[in-house]
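Going by this note's numbering, the first residue of the sequence shown is number 10, and it counts up by one from there.
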Amino acid sequence: MTKYPNLLRTIQVAGVHLPNRMVMGAMHTRLETMDQPYQRLAAFYVARAKGEIGLILTGGYAPCPEGVMDAGGLVLNKSEQLDEHRLITSAVNNSGGRIVLQILHAGRYAKVPTCVAPSLGKARINVYPPRSLTTQEVWQTIQDFAHTAALAEAAGYAGVEIMGSEGYLINEFASALTNQRDDEFGGDVDRRMRFPLEIVKAVRSRVRKEFMIIYRISAIDLMDGGMTSEEVCDLARHVEASGADLINTGIGWHESGVPTMAAPVPRAAWIDAVRHIKRAVTIPVMASNRINTPDVAEDIIASGAADLVSMARPLLADPDFAKRHARAEQMRSIPASPATKPALTAFLPTGSPLAW
Ligand SMILES: Cc1cc2nc3c(=O)[nH]c(=O)nc-3n(C[C@H](O)[C@H](O)[C@H](O)COP(=O)(O)O)c2cc1C
């Protein structure tokens with residue numbers, strides 16, 4: 010009898026069978042900026058797959074150059090890039106894992122002078138003021154998301170996560186704080202929701218039904234004058250109707266002053282916001298932020314607040330998190346895993362005396 014019956018329950022999402030409810034949340038690791046980035050990323054993800062995590066989410070890839078996080082940031086928009094991504098997907102899939110590519114357009118948070126947004130107005134956390142997208146460019150950006158999703162499918166990923174949280178472009182369209190448009194993408198709440206929903210529909214139209222579409226929603230934006238919880242639930246319902254298979258949650262915009270993931274934030278502090286969404290939809294919902302023990306994760310699922318748990322930093326710190334904790338009864342202690350060596354090596358420059 011396992012101590013974590015809910016955490017270890019399988020779940021089917023679109024055509025993907027997940028062996029448990031534990032997910033490694035999306036993270037840029039900076040491996041992307043080192044030499045041989047795809048080989049390093051493959052080693053990093055393979056260590057987590059061997060550690061029996063149910064699903065891996067990559068760090069965010071922009072669908073177009075102006076959507077990058079910062080200069081030299083990740084973009085996936087060309088078929089010539091597929092071979093690099095196949096290094097990751099084949100390594101993870103051959104290790105028995107499953108990996109989903111996150112699509113993230115940084116909007117007015119992009120630390121590049123070419124950054125764009127629904128409306129003018131600089132974010133207080135960026136030095137660059139954004140340019141406002143024309144209506145035609147908004148439609149093009151929707152197609153860019155769909156194109157990246159199609160490339161991700163061709164590269165062998167199990168799905169995509171559409172990043173609609175943390176104050177990036179999709180949030181900026183959905184919130185009246187950052188959207189003062191008066192075309193079909195702004196003006197009232199229905200038109201503000203149009204950008205995210207058209208993205209989900211466009212992605213769905215370009216991929217097979219077995220290909221998993223995750224939408225990461227701001228469960229709570231922690232911004233004065235931001236979206237109400239009713240608006241968030243309404244968006245979640247429409248995201249489901251537009252073709253998403255799973256809703257992941259994000260907490261707060263990056264420019265909010267409220268701590269969302271620092272150590273003083275209590276574990277699972279934001280679960281009520283997640284539960285609210287879970288009640289609004291019929292597709293599975295994933296909880297995130299400050300969930301870093303299997304007991305807390307088990308309680309979240311057992312209580313019905315969410316169906317899956319995202320754990321980002323716990324998996325950064327410990328590739329064997331899932332195996333080590335959730336199977337603790339069968340394997341009282343898992344010695345410093347052989348997976349740790351390739352995982353650490355991936356962080357070291359080539360030729361480092363510390364590399365194994
Ligand atoms: C180094 C690092 C990079 C991150 N990069 C991304 C990202 O690319 N996309 C994203 O949606 N979230 C990103 N996040 C946020 C995580 O997905 C997650 O929401 C956050 O770390 C809180 O969850 P945790 O307490 O499980 O770590 C990042 C977090 C960290 C620590």
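Every residue, glycine too, gets a C-beta built ideally from N, C-alpha and C.
Since this is a predicted model, take the numbers as computed values, not measurements.
I'd like to confirm the pairing. Which residues does DSSP put opposite residue i in its beta bridges?
| i | result |
| --- | --- |
| His26 | Gln21 |
| Lys120 | Asp79 |
| Tyr224 | Ile171 and Ile256 |
| Ser141 | Ala126 |
| Val84 | Ala71 |
| Met33 | Ile65 and Met320 |
| Ile229 | Ile260 |
If distances are taken between C-alpha atoms only, which option among the options comes closest to residue i?
| i | options | result |
| --- | --- | --- |
| Ile97 | Ser141, Ala163 and Phe194 | Ala163 |
| Ala158 | Val283, Ala211, Leu64 and Gly259 | Ala211 |
| Arg276 | Asn135, Gly24, Ser174 and Ser319 | Ser319 |
| Glu61 | Gln21, Pro74, Arg30 and Gly24 | Arg30 |
| Ser214 | His156, Glu89 and Trp262 | His156 |
| Val109 | Val84, Pro72, Val101 and Tyr166 | Tyr166 |
| Leu27 | Arg288, Pro293 and Ser312 | Pro293 |
| Leu255 | Val55, Ile20, Leu16 and Arg57 | Ile20 |
| Leu113 | Gln149, Thr67 and Glu93 | Thr67 |
| Glu41 | His94, Asp192, Pro138 and Ala245 | His94 |
| Ala115 | Val283, Pro122, Met78 and Ile171 | Met78 |
| Gly261 | Leu244, Val241 and Leu231 | Leu231 |
| Pro74 | Lys87, Ile65, Ile229 and Val55 | Lys87 |
| Asn103 | Ile179, Val55 and Trp148 | Val55 |
| Tyr137 | Pro205, Val147, Thr150 and Pro122 | Pro122 |
| Val147 | Gly173, Phe204 and Met236 | Phe204 |
| Glu240 | Glu193, Asn180, Gly105 and Asp192 | Asn180 |
| Leu85 | Gly105, Tyr47, Ala58 and Gly106 | Tyr47 |
| Gln145 | Asp192, Gly106 and Tyr177 | Asp192 |
| Ile296 | Lys131, Thr38, Gly252 and Ala228 | Here residue 296 turns out to be Ala, not Ile, going by the sequence shown. Residue Ala228 is the option with its Cα nearest to Ala296. |
| Ser99 | Pro127, Asn135, Ala58 and Ala126 | Ala58 |
| Ile65 | Gln111, Met43 and Arg39 | Gln111 |
| Ala282 | Phe330, Pro328 and Ser238 | Ser238 |
Where does residue i sit, in a helix, a strand or coil, going by DSSP?
| i | result |
| --- | --- |
| Gly69 | strand |
| Ile112 | strand |
| Ile343 | Note that Ile343 has pLDDT 47, beneath the 50 cutoff, so the model's placement of it is unreliable and the number below is only indicative. Looking at Ile343 - three-state DSSP - the assignment turns out to be coil, as it is neither helix nor strand. |
| Ile286 | helix |
| Leu50 | helix |
| Leu129 | coil |
| Leu16 | coil |
| Arg57 | helix |
| Arg217 | coil |
| Thr11 | coil |
| Arg107 | coil |
| Arg97 | In the sequence on display, residue 97 carries Ile and not Arg. Helix, per DSSP. |
| Ile134 | coil |
| Arg371 | Beyond the ends of the chain as shown, which are 10 and 365, falls residue 371; an answer cannot be given. |
| Asp243 | helix |
| Gln149 | helix |
| Arg333 | helix |
| Ser238 | helix |
| Thr38 | coil |
| Val248 | helix |
For residue i and residue j, I'd like the C-alpha separation in whole angstroms.
| i | j | result |
| --- | --- | --- |
| Met221 | Ala161 | 11 Å |
| Val169 | Val290 | 19 Å |
| Gln189 | Phe154 | 23 Å |
| Leu186 | Arg133 | 13 Å |
| Thr11 | Leu317 | 18 Å |
| Val101 | His285 | 34 Å |
| Ala348 | Val267 | Only weak support exists for where Ala348 lies, its pLDDT of 46 falling under 50; the value from the coordinates is given anyway. Whole-angstrom Cα-Cα distance: 36 Å. |
| Glu89 | Ser312 | 46 Å |
| Asn301 | Pro323 | 6 Å |
| Glu175 | Gly259 | 6 Å |
| Ala52 | Gln45 | 11 Å |
| Pro139 | Ala119 | 9 Å |
| Ala352 | Leu129 | With a pLDDT of 43 at Ala352, under the threshold of 50, the modelled position of this residue cannot be trusted, and the question is left open. |
| Phe182 | Arg225 | 15 Å |
| Arg201 | Ala23 | 28 Å |
| Leu91 | Glu207 | 25 Å |
| Leu83 | Ala71 | 6 Å |
| Cys124 | His334 | 42 Å |
| Met270 | Ala326 | 15 Å |
| Glu219 | Thr143 | 34 Å |
| Asp304 | Ala278 | 14 Å |
| Val25 | Val248 | 19 Å |
| Asp233 | Ser184 | 11 Å |
| Met33 | Phe194 | 33 Å |
| Lys350 | Leu50 | Residue confidence is low: Lys350 scores 43 on pLDDT, short of 50, so the model does not pin down where it sits. No coordinate-derived value is stated. |
| Leu16 | Glu307 | 5 Å |
| Ala80 | Asp197 | 34 Å |
Minimum length 4: unbroken alpha helix (DSSP H) runs contained in the segment 160-212
178-183
In the segment 281-325, which residue ranges form an unbroken beta strand (DSSP E) of at least 3 residues, counting only runs that do not cross its ends?
294-296 and 317-320
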